[in-house]
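For reference, the structure is listed below as structure tokens.
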Amino acid sequence: MKNTPCFMFTLFVCAVAHGQAPEPWALPDPMVLMESSNALCADQVKSTLVVGALREQGRSKAEVLALLPQSPKGMELRVVSAMRENVEDAFDFPEISVDSQFSYRSEACFRETLGGLRAPRLAALRSQVDKCQALHGAGKSQALFKCIEAVVRSAEPQR
Numbered sequence: 013m014k015n016t017p018c019f020m021f022t023l024f025v026c027a028v029a030h031g032q033a034p035e036p037w038a039l040p041d042p043m044v045l046m047e048s049s050n051a052l053c054a055d056q057v058k059s060t061l062v063v064g065a066l067r068e069q070g071r072s073k074a075e076v077l078a079l080l081p082q083s084p085k086g087m088e089l090r091v092v093s094a095m096r097e098n099v100e101d102a103f104d105f106p107e108i109s110v111d112s113q114f115s116y117r118s119e120a121c122f123r124e125t126l127g128g129l130r131a132p133r134l135a136a137l138r139s140q141v142d143k144c145q146a147l148h149g150a151g152k153s154q155a156l157f158k159c160i161e162a163v164v165r166s167a168e169p170q171r
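Taking the numbering used here, the leading residue of the sequence shown gets 13, the next gets one more, and so forth.
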């Protein structure tokens, strides 16, 4: 709040110096926000597919974890953390399909980037995701995605 007078003075000087009123602030375009979220989440979501493929090839959890960057910094930190979670989920819950894990990670990241709310880990939502798979099958489908999306959206944020 100490900088508010300074900001207001600067805004006034800019308006007077240019001889015109400043343009009103506008909210960002929702489509731009969604595209940005998709770009931020792409690596997290794609890693579920890579981890699933490596597991199917017979790789161990330790081998796959060893492939992750060891000392991520800045923006990489959350991406690598999510990738590590994906590895743990894929090996700890092999009965949850890759498509279900993909759906979970997609919605969890979307919620985190657009809503600022950290979704609970897959382990906490496992029984509900199992029910989605029982109802809609474990394979890729819009119904499965929507069911898991609803599970993630209804969950209390992680603290």
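We put the beta carbon where it would ideally sit given N, CA and C, even for glycine.
{"Item": "Nearest to Ala-78 by CA position, among Ala-146, Val-163, Met-95, Lys-143, is which residue?", "Value": "Met-95"}
{"Item": "When the Cα atoms are used, what is the spatial distance from Glu-124 to Glu-35?", "Value": "31 Å"}
{"Item": "State yes or no: is the C-beta of Pro-169 nearer than 7 Å to some heavy atom of the ligand MN?", "Value": "Among the ligands in the structure shown, none appear at all, so the ligand MN cannot be discussed."}
{"Item": "Which whole-angstrom value describes the C-beta separation of Ser-49 and Phe-122, a residue pair presumed to lie in contact below a C-beta threshold of 8 Å?", "Value": "6 Å"}
{"Item": "In whole angstroms, what separates the C-alpha of Asp-41 from that of Ala-74?", "Value": "42 Å"}
{"Item": "What residue does the alpha helix (DSSP H) around Gly-127 start on, and which one ends it?", "Value": "110–127"}
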